[in-house]
Amino acid sequence: MSNEKIKLTLPDGSVREYDKGVTGLDVAMSISEGLARNVLAAKFNGNVIDAFRAITEDGTFQLLTWNDKEGKSTFWHSSAHLMAEALEALYPGVKLGIGPPIENGFYYDVDFGDREFTAAELPKIEEKMLELARQKNAFSRRDVSKKDAVAYFEEKGDPYKLELIADLADGTISFYEQGNFTDLCRGPHIPNTGFIKATKILNIAGAYWRGNEKNKQLTRLYGITFPKQGELKEYLELLEEAKKRDHRKIGKELELFTFSEKVGKGLPLWLPKGAILRERLENFMRKAQVKAGYDQVVSPHIGSKELYVTSGHYEKYGKDSFQPINTPEEGEEFLLKPMNCPHHCEMYKSKPRSYKDLPVRYAEFGTVYRYEQSGELHGLTRVRGFTQDDAHIFCRPDQVKEEFAKVIDLVLYVFKSLGFSDYNAQVSLRDPETPEKYIGTEENWVIAENAIIEVAAAKGLKTTVELGEAAFYGPKLDFMVKDALGRNWQLGTIQVDYTLPDRFELEYVGADNQKHRPVMIHRAPFGSMERFVAILIESTAGEFPLWLSPEQIAILPISEKFHDYANQVRLMLQENDIRGNVDERDEKIGRKIRDAEIKKIPFMLIVGEKEAESKTIALREHGKGDIGTFSGSEFVDYFGKRIKMSLAGEKEA
RNA sequence: GCCGUUGUAGCUCAGAGGUAGAGCACUUCCUUGGUAAGGAAGAGGUCACGGGUUCAAUUCCCGUCAACGGCUCCA
2 MSNEKIKLTL
12 PDGSVREYDK
22 GVTGLDVAMS
32 ISEGLARNVL
42 AAKFNGNVID
52 AFRAITEDGT
62 FQLLTWNDKE
72 GKSTFWHSSA
82 HLMAEALEAL
92 YPGVKLGIGP
102 PIENGFYYDV
112 DFGDREFTAA
122 ELPKIEEKML
132 ELARQKNAFS
142 RRDVSKKDAV
152 AYFEEKGDPY
162 KLELIADLAD
172 GTISFYEQGN
182 FTDLCRGPHI
192 PNTGFIKATK
202 ILNIAGAYWR
212 GNEKNKQLTR
222 LYGITFPKQG
232 ELKEYLELLE
242 EAKKRDHRKI
252 GKELELFTFS
262 EKVGKGLPLW
272 LPKGAILRER
282 LENFMRKAQV
292 KAGYDQVVSP
302 HIGSKELYVT
312 SGHYEKYGKD
322 SFQPINTPEE
332 GEEFLLKPMN
342 CPHHCEMYKS
352 KPRSYKDLPV
362 RYAEFGTVYR
372 YEQSGELHGL
382 TRVRGFTQDD
392 AHIFCRPDQV
402 KEEFAKVIDL
412 VLYVFKSLGF
422 SDYNAQVSLR
432 DPETPEKYIG
442 TEENWVIAEN
452 AIIEVAAAKG
462 LKTTVELGEA
472 AFYGPKLDFM
482 VKDALGRNWQ
492 LGTIQVDYTL
502 PDRFELEYVG
512 ADNQKHRPVM
522 IHRAPFGSME
532 RFVAILIEST
542 AGEFPLWLSP
552 EQIAILPISE
562 KFHDYANQVR
572 LMLQENDIRG
582 NVDERDEKIG
592 RKIRDAEIKK
602 IPFMLIVGEK
612 EAESKTIALR
622 EHGKGDIGTF
632 SGSEFVDYFG
642 KRIKMSLAGE
652 KEA
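Residue numbers (this note's numbering): 2 to 654.
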């Protein structure tokens, strides 16, 4: 080799000189042997590369280990290759799709042919993976020509890889090999399989090739691996913990809601405690909306089919939806309301509008029904009947940005009040590749999309942009929140719409005495009451802020002798608009406390001989224990203060 | 809708080709107890539903329904 030198700038800013052709592993070794043992990949000039890849020019350089996000994903990417190698060893002739790393682990899509693949076979695959890992097979990279790549996979008989190669430009194709496995891959990979010490194939699922429903469904194996056995154990325990926050479990335990096969799948039944929670949320929103200048309206649960033909919903969703309801005599067709906007458009049209009237803001807790695919239903987050905290703002074009900004404020206020700080503001735009999915003019789409992008930026929102996530009539700003298991759900949504006003021929008279078309903003800060409550349950693990808690107070008499006094306390609270229940069961106080704790009731009022005599209560707080003796009026004041604090988002005294 | 898994008491779960079991919850009785489970007795199941194989099926097979994990979809 030559004795040319290159300069690498390390993360601490220091510049080191190495021989041209140095690898990440060499660099690590020059720092410490321990570091070299842990290097998974490297980052050169911002690109993640193999730690075994030669570097031939000056640049910024960083070593990646398990502690780096990119180190982990390289590790998992290599693990996907390891799993593929195990699959080929165990199931000769298996065809491979794609196998990328994901947020937690990796997957590989495979075609087992006619073979039925069941979960019982997973342990066998895990074992094989570990066996191959122990061989410490080195990963190696080589560039191949398109012709050679095609030849290789034609020989191997893998149609999926051939399809992938067809889309790649000659000169950009590389193969990676480890042990007896070769894959089309741009890398990078870890030095050898020996780093992988623990593996678990978490689940199997069907997944359409290239995400297209019309393509063949492959078998997707999801897995996760770790460099230490203990970390796998910890991860699995973490998953178990997360499952305890599942709103379906807590909803059942706390008697918030239920489902009945007889009522129908995807149709939630709100039990009394859940209804209280929901009602409090609605009242909270009503109050905020009144302040923001909204008017509350009410519309029926069905509407003439014509209404939805006009809006475009029928054409878009009609065939795959709940089918029209007919009147017996005349055979008129009505649809179960899937959206509130058409109704609100007709309300707007109930009288002529002047530019001075705008904006008009119509809000409704509108219950809508949608035929969601059966495989999609999921607890309260995806249901067939749900209530949107919906509103439609009809405004002049010059008011769009200001109104949009105000809605963002409202959504942020709601999120802040309920402690949702971990959300992603997603700008949902058209997919330029599938224009047939959208209605409206190009010009209006551009205006609407730009309005959203500009206002979100002006508000200082950190946004991500997703193409193809727009509604069919307009772009959206969606507030995405994760559930206990890390799945993303859309809660709040704001949409700018120039299309429906056209379709419904909405008008107002301008200062010029001419007719103009208003712009609509659709918005729902919660999204739906169902989904919002679900996510609220998971984020609080059922320990709701005091103001929302369905059962705020349990009055616990020491024995039957104090039932009378306990009920006096209950009535006293009632007179102050505070709800509390007396636990009159024939149980000892320890038991009553335990049960109230399990039900996550924020306050327990314990009353016995001392309290009855001195007209006081002994206060106990959920999760904290005894916090002292209060007179009735002292407690009412204290409780009021705590409610206010919880509304302001403060945790405790 | 598609792929995979599951379905036994109100809940959490055992069980096995010969018509079912535990803990908690529930009911009754005893107990009147001071800050996270007092004691005893009792009641409770068409083993998701519909077929088939078998002398016999809740158990094995097929279908349906529902739930769960994904894919696709998400106004």
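By construction, the Cβ of each residue, glycine as well, lies at the ideal position given by its N, Cα and C atoms.
Between the CA atoms of residue j and residue i - distance to the nearest angstrom
i           : j           : result
residue 8   : residue 174 : 28 Å
residue 242 : residue 269 : 25 Å
residue 390 : residue 495 : 12 Å
residue 654 : residue 567 : For residue 654, the pLDDT reaches just 43, beneath the cut-off of 50, and the residue's location in the model is therefore unreliable, although a value from the coordinates is still provided. Looking at the two C-alpha atoms, the distance is approximately 26 Å.
residue 326 : residue 314 : 16 Å
residue 226 : residue 347 : 56 Å
residue 659 : residue 26  : Nothing about residue 659 can be reported from this structure: the residues present for the chain run from 2 to 654 only.
residue 276 : residue 244 : 24 Å
residue 368 : residue 124 : 46 Å
residue 624 : residue 541 : 14 Å
residue 503 : residue 266 : 37 Å
residue 512 : residue 479 : 34 Å
residue 13  : residue 519 : 56 Å
residue 535 : residue 549 : 14 Å
residue 498 : residue 387 : 23 Å
residue 20  : residue 5   : 6 Å
residue 435 : residue 469 : 8 Å
residue 643 : residue 352 : 46 Å
residue 228 : residue 135 : 12 Å
residue 546 : residue 648 : 8 Å
residue 34  : residue 196 : 15 Å
residue 571 : residue 366 : 33 Å
residue 459 : residue 200 : 46 Å
residue 523 : residue 364 : 10 Å
Cβ pair residue i, residue j closer than 9 Å
i           : j           : result
residue 289 : residue 92  : no
residue 408 : residue 558 : no
residue 421 : residue 308 : no
residue 115 : residue 96  : no
residue 150 : residue 185 : yes
residue 340 : residue 224 : no
residue 100 : residue 78  : yes
Bridge partner(s) assigned by DSSP for residue i
i           : result
residue 102 : 107
residue 53  : Answer is none; residue 53 lacks a bridge partner.
residue 474 : Answer by DSSP bridge pairing: none, since residue 474 is not bridged.
residue 16  : 10
residue 193 : 139
residue 607 : 557 and 619
residue 271 : 258
residue 134 : For residue 134, which the question treats as bridged, DSSP gives no partner whatsoever.
residue 594 : According to DSSP, which records beta bridges pairwise, residue 594 is partnered with nothing at all.
residue 334 : 327
residue 396 : 520
residue 97  : 111
residue 174 : According to DSSP, residue 174 bridges with nothing at all.
residue 416 : According to DSSP, residue 416 bridges with nothing at all.
residue 368 : 388
residue 406 : None; residue 406 has no bridge partner.
residue 293 : Residue 293 is not bridged to any residue.
residue 42  : 51 and 65
Identity of the residue in the options nearest residue i by Cα
i           : options               : result
residue 539 : 127, 104, 251 and 149 : 251
residue 273 : 545, 283 and 552      : 552
residue 619 : 611, 607, 625 and 626 : 607
residue 533 : 154, 203, 256 and 483 : 483
residue 411 : 369, 240, 367 and 528 : 528
residue 98  : 66, 59, 217 and 179   : 217
residue 490 : 442, 450, 427 and 547 : 427
residue 463 : 475, 423 and 451      : 423
residue 180 : 262, 82 and 256       : 82
residue 437 : 471, 461 and 416      : 471
Check: residue i C-beta below 8 Å from any heavy atom of the ligand SAM
i           : result
residue 570 : Absence of the ligand SAM is noted for the structure shown, with no ligands found whatsoever.
Pairs of beta-carbons, one from the stretch 454-461 and one from the stretch 201-220, closer than 8 Å: are there three or more? no
Is there contact between the stretch 137-148 and the stretch 233-248, where contact requires at least three CB pairs shorter than 8 Å? no
Using 8 Å as the threshold, is the stretch 50-69 in touch with the stretch 173-193, meaning 3 or more CB pairs across them? yes
Could you check whether the stretch 356-372 touches the stretch 310-324, counting it as contact only if at least three pairs of C-beta atoms, one from each stretch, sit closer than 8 Å? yes
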